[in-house]
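First up is the structure itself, then whatever we jot down about it.
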Amino acid sequence: MLIFICFLQLIITLFYLQPKKTMGELIVKSALIFSGFIVLLTEILSLFKAINLTALIISWSFFSIILLYFLYKNRENFFSLIRSKKSDFVKKYQTLYVYEKLLLVIITIFVLLLLFQGIIYPPNNWDSLTYHMPRIMYWIGNESVAHFPSHILRHLYQPPFAEYFILNLNLLNGNDYFSNTVQLLYLILTFFSIWLLLTQLAISRFYKILALFIAITIPAVELQATTTKNDIVCSFFILTAIVFCIKTYYSNNFSNFLYLGLAIGLAMLTKGTAYLFLAPILAVYGWLLLIKIIKTKDFKLLLNGFAVVLVILSINISHFTRNYKIEGNILNIDKNEALAFSNQKMDGKLLLSNLLKNVGLHLGYPIETKADAGIRKLHTLMNVPIDNPDTNYYNIKYDGPKENTTNEDLIPNLSHLILFLVSLSALSLICFKKFKENISSFLLILIILSQIILFSAILKWQPWHTRLHIPIFLLIVILISLTIEKSKLARFFTIGSLPILFFSFCFYFLYNNVRPIITNPIYTKDICLSDSRYKKYFAHQLHLYPEYSIILDKIYSSNPKKIGLIISDWEYPFLSDFYYDKLKITAINVNNVTAKIPQDDSNIDVIVSNSVKQNFIAFKGKNYYNQTPDNVSIWFYK
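Each residue of the sequence shown is one higher than the last, beginning at 1 in UniProt numbering.
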């Protein structure tokens, strides 16, 4: 909780230092500073191999004490300001209409429900158990975020910001109870970025509140808000980058350029897809800024732009360097891994194919069968194989949305896709009729369509792409709000859809596939609220629960100082209790590019493997005997 307290203190401090700014802007700025501080602290401690409980307690306590001292020193002025702002807040609240208050209450309840769900369930998303959480345990064992030999390459090259936050949070708490709250926190912060963007676009208050409701009811957003994935975190930084692109275009305030650099840099340090989504934004921004420089001859803007680049590089340089040392690539460490994600061929037909397949992922109930047939027919007419290995990830066969799916990696966003198409049509028509009055609307359409095209042109289709579309859908919320401000037809259509969105949220909350409130054989895995926290890790693969439990008991009884792993996935369930009990984790017999990274693999106490089943494993002149020969999935050697 110390981290959240520090964040609150930072907001209050900034509130005192910049009293004329809106609360939304102060919260967003505080989030950028706070996120940057997490990166700085983690990298500095890593440099000295000091990522441990003692160092974190000292660092965060020191940060908290400094802020407390500043506020205490200025307490009289601060409390006077609080009283003034409280009065302003009460007056603003009293001006809200009943339906606005109702929407805000519903949104607040939705957030609290997600908070409950994220705490009561541990991180049990497939990727969370494979690399989001295990990489944190390696860092704690090594007391450093330096790269290490691993059977799972994503431990290393994937951008680490979200995991840096979880690392600090979990190590201070000694458990993973608040791991899922990081995404929820950044969803709340995204609300403030959406509000700021809509304010910049002069959208009226009710439609801004409506935008928050539309955002939280996006199924992929709702379901991912209770995981340790990072698409929502990345979305916050992308939307915030747009906020500061607009601010820096209209004002030369140098601090806004620094905030822009923070937003872009942190987005890049959170998820690789940020590069795709930021590219159209920065292209439009750069073009407009260049025109402004030419017209005004204000070359100071170039220096400010250089400062933005400097901030971006300073945030990412450590991670870039670690990747570069492996294979000479700052974004990846394995050529085959990189090729697996990117399209090997691309032309007009293949681009249309990928666009159709990505859109098809959102054509769920009740039209999934007809939509799937239609997409296949279109591919036949185009004479393009729908399962083209050049554009399908690892030659996976195309398949549209699963029937009755409530899984965060596969969930379609049909209602929001329809709202987008209606809004896009209406706003495009408005722009066509009155272009000069709607340039900002045109640029928003251009950015969103460019993001969609760029995404489909560069990345191979995957059945799990709906999660990667989250930043686009959150930006679409801005477009929907802009449209309903201008179009009565779009307004009636959107407001008419609210009951559907409300029901949708409640349904996916109750029947979340792996974090259900109500267990149902059609919609959820066979897991329930009353199950043990440890069992809940295995919602995706319940058959592993008994064997992992046996392995964990063996680890407890052996009390090892160093454990050797030959594991291809799901390392986290037998590491989750070792935040305070330091355990050195070492991947052994590694057969990939990371094997060349130096490590001390001597004096291994025990070995766990999910790929080697034999009487014993010989390693470093010592035989480790199988203690669990009856297991069928994972084995313990000592």
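Glycine is no exception: its CB is placed at the ideal position from the N, C-alpha and C atoms.
Compare the beta carbon distance of residue i and residue j with 7 Å and say whether it is the shorter of the two.
{"i": "residue 172", "j": "residue 56", "result": "yes"}
{"i": "residue 468", "j": "residue 273", "result": "yes"}
{"i": "residue 409", "j": "residue 398", "result": "no"}
{"i": "residue 562", "j": "residue 584", "result": "yes"}
{"i": "residue 189", "j": "residue 236", "result": "yes"}
{"i": "residue 162", "j": "residue 74", "result": "no"}
{"i": "residue 333", "j": "residue 565", "result": "no"}
{"i": "residue 641", "j": "residue 533", "result": "This structure cannot speak to residue 641, because the chain is shown only from 1 to 638."}
{"i": "residue 265", "j": "residue 221", "result": "no"}
{"i": "residue 384", "j": "residue 353", "result": "yes"}
{"i": "residue 217", "j": "residue 505", "result": "yes"}
{"i": "residue 572", "j": "residue 184", "result": "no"}
{"i": "residue 625", "j": "residue 616", "result": "yes"}
{"i": "residue 27", "j": "residue 192", "result": "yes"}
{"i": "residue 606", "j": "residue 560", "result": "yes"}
{"i": "residue 356", "j": "residue 375", "result": "yes"}
{"i": "residue 361", "j": "residue 371", "result": "no"}
{"i": "residue 471", "j": "residue 277", "result": "yes"}
{"i": "residue 42", "j": "residue 164", "result": "yes"}
{"i": "residue 37", "j": "residue 7", "result": "no"}
{"i": "residue 378", "j": "residue 457", "result": "no"}
{"i": "residue 119", "j": "residue 177", "result": "yes"}
{"i": "residue 485", "j": "residue 203", "result": "yes"}
{"i": "residue 536", "j": "residue 550", "result": "no"}
Residue i: which of the options sits nearest, CA to CA?
{"i": "residue 598", "options": "335, 65, 587, 411", "result": "587"}
{"i": "residue 242", "options": "263, 229, 251, 224", "result": "263"}
{"i": "residue 111", "options": "224, 294, 306", "result": "224"}
{"i": "residue 623", "options": "634, 374, 165, 638", "result": "638"}
{"i": "residue 596", "options": "326, 35, 216, 260", "result": "326"}
{"i": "residue 197", "options": "185, 184, 212", "result": "212"}
{"i": "residue 182", "options": "63, 233, 21, 582", "result": "233"}
{"i": "residue 45", "options": "168, 92, 461, 152", "result": "168"}
{"i": "residue 275", "options": "226, 384, 459", "result": "459"}
{"i": "residue 280", "options": "632, 443, 66, 544", "result": "443"}
{"i": "residue 570", "options": "216, 150, 591", "result": "150"}
{"i": "residue 133", "options": "115, 160, 114", "result": "160"}
{"i": "residue 644", "options": "219, 67, 28", "result": "With the chain covering only 1 through 638, there is no way to say anything about residue 644."}
{"i": "residue 392", "options": "369, 286, 344", "result": "344"}
{"i": "residue 481", "options": "296, 6, 215", "result": "215"}
{"i": "residue 589", "options": "152, 69, 78, 95", "result": "152"}
{"i": "residue 367", "options": "248, 412, 67", "result": "412"}
{"i": "residue 553", "options": "395, 531, 608, 603", "result": "608"}
{"i": "residue 407", "options": "226, 88, 591", "result": "226"}
{"i": "residue 405", "options": "179, 524, 547, 72", "result": "524"}
{"i": "residue 60", "options": "40, 346, 287", "result": "40"}
{"i": "residue 54", "options": "174, 31, 65", "result": "174"}
{"i": "residue 50", "options": "144, 228, 549, 29", "result": "144"}
{"i": "residue 613", "options": "634, 292, 603, 293", "result": "634"}
From the DSSP secondary-structure annotation, give me the bridge partner or partners of residue i.
{"i": "residue 79", "result": "Bridge partners of residue 79: none, in fact."}
{"i": "residue 617", "result": "624"}
{"i": "residue 587", "result": "565"}
{"i": "residue 487", "result": "Looking at the DSSP assignment, residue 487 forms no beta bridge with any residue, so it has no partner."}
{"i": "residue 606", "result": "563"}
{"i": "residue 461", "result": "392"}
{"i": "residue 636", "result": "608"}
{"i": "residue 342", "result": "459"}
Compute the minimum distance between the beta carbon of residue i and the heavy atoms of the ligand PLP, and state whether it is under 6 Å.
{"i": "residue 620", "result": "Absent from the structure shown: the ligand PLP. Ligands present: none."}
Check your understanding: Do the stretch 6 to 19 and the stretch 77 to 84 meet, that is, are 3 or more Cβ pairs less than 8 Å apart?
Key -> yes
Point to revise | Start-end ranges of the alpha helix (DSSP H) lying completely within the stretch 250 to 275, minimum 4 residues | key: Counting whole runs of 4 or more residues, the stretch 250 to 275 contains the alpha helix (DSSP H) stretches 254 to 268.
Practice item. Just list the beta strand (DSSP E) runs in the stretch 516 to 583, keeping only unbroken ones of 3 residues or longer that don't cross its boundaries, in chain order. Key: 562 to 566
Review point. In the UniProt domain "Glycosyltransferase RgtA/B/C/D-like" (158 to 317), which residue ranges form an unbroken alpha helix (DSSP H) of at least 4 residues, counting only runs that do not cross its ends?
Key: 161 to 173, 181 to 200, 205 to 216, 219 to 224, 231 to 250, 254 to 268, 274 to 296
Practice item. May I ask you to verify whether the stretch 380 to 394 touches the stretch 428 to 439, counting CB pairs closer than 8 Å and requiring at least 3? Key: no
Exercise for review: Report yes or no: do the stretch 448 to 458 and the stretch 510 to 524 share at least 3 C-beta pairs separated by less than 8 Å?
Suggested key: The stretch 448 to 458 is not in contact with the stretch 510 to 524.
Point to revise | the stretch 98 to 108 touching the stretch 518 to 525, judged by at least three CB pairs closer than 8 Å | key: no
Review point. Are the stretch 468 to 482 and the stretch 411 to 420 touching by the rule of at least three beta carbon pairs closer than 8 Å?
Key: Cβ pair count under 8 Å is three or more, so yes.
Review point. Taking only runs of the beta strand (DSSP E) that begin and end inside the stretch 71 to 141, which ones reach a length of at least 3 residues, in chain order?
Key: none
Check your understanding: So, do the stretch 133 to 142 and the stretch 568 to 578 have three or more beta carbon pairs nearer to each other than 8 Å?
Key -> yes
**Study point:** the stretch 253 to 261 / the stretch 294 to 308 touching (three or more Cβ pairs under 8 Å)
**Key:** yes
Practice item. Counting only runs of 3+ residues fully inside the stretch 347 to 432, write out the beta strand (DSSP E) ranges in chain order. Key: none
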